[in-house]
């Protein structure tokens, strides 16, 4: 086999090596992308959350894999430090990231609430020293919905539960947060679940 390769023109041998290199990189990238999907599926089962809810994690993970593949190929063929080039671009992205951090922190805190489970749907919560008090009726990526004693629905940002002292009064019957977790906040569903009829009905 070595003799056969030695007889081939140097251009063909070089091309074969480059093709094998690219094939190995793409194969490893496909394996890494598959592992990202499997890990997110495991996390969804662990958190008892809908798979679509954690879809952004899959997209982010596979995007990182794609960046690594591009950087490896560009550096190999063009001797360009791809990550140095990306560093300047990421600096601009970081500025925008901090601008929307308050929104992204709510998403992260929603995952923490599903993991730690400090309260359940049906429990009564009071955030001290804020005058926020009510029964938990719903949770989504951005807000936890509380129903006050007068029937009003109060949507509390998820990150607020990690910035305030929370007084919890456990309900006799409660439901885990994961069973009420939705991607889009619904108002009618919490009202009906809380026993308050929709407007216009007795």
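Numbering (the working numbering), first residue to last: -8 to 193.
Where a beta carbon is used, it is the ideal one built from N, C-alpha and C, also for glycine.
Please read all numbers here as calculations on a predicted model, not as lab measurements.
Nearest to residue i (by Cα), restricted to the options the options
i           : options             : result
residue 165 : 150, 127 and 144    : 127
residue 25  : 63, 162 and 50      : 50
residue 108 : 93, 96, 119 and 130 : 130
residue 9   : 143, 101, 54 and 69 : 69
residue 161 : 153, 125 and 5      : 125
residue 37  : 145, 163 and 102    : 102
residue 169 : 144, 137 and 106    : 106
residue 47  : 63, 27 and 62       : 27
residue 52  : 93, 11, 23 and 142  : 23
residue 67  : 82, 13, 81 and 94   : 13
Three-state class that DSSP yields for residue i in the structure shown
i           : result
residue 118 : strand
residue 9   : helix
residue 155 : coil
residue 134 : strand
residue 124 : strand
residue 46  : helix
residue 129 : strand
residue 160 : strand
residue 146 : strand
With 16 other Cβ atoms within 10 Å as the buried cut-off, status of residue i
i           : result
residue 182 : The pLDDT assigned to residue 182 is 40, lower than 50, so where the model puts this residue is not dependable; a value taken from the coordinates is nonetheless given after this. Flag for residue 182 reads buried.
residue 31  : buried
residue 54  : exposed
residue 43  : exposed
residue 139 : exposed
residue 137 : buried
residue 189 : Residue placement at residue 189 cannot be trusted, given a pLDDT of 40 that sits under 50; the coordinates are not used to answer.
residue 147 : buried
residue 85  : exposed
Residue i and residue j closer than 8 Å at C-beta
i           : j           : result
residue 117 : residue 123 : yes
residue 104 : residue 150 : no
residue 45  : residue 57  : no
residue 20  : residue 65  : no
residue 89  : residue 159 : no
residue 152 : residue 100 : yes
residue 155 : residue 119 : yes
residue 132 : residue 98  : yes
residue 16  : residue 63  : yes
Closer than 7 Å: residue i CB and nearest the ligand PLP heavy atom
i          : result
residue 93 : The model depicted lacks the ligand PLP and carries no ligand whatsoever.
CB contact check: residue i to chain B, cutoff 8 Å
i           : result
residue 143 : The chain labelled as chain B is not found in the depicted structure, where only one protein chain is given.
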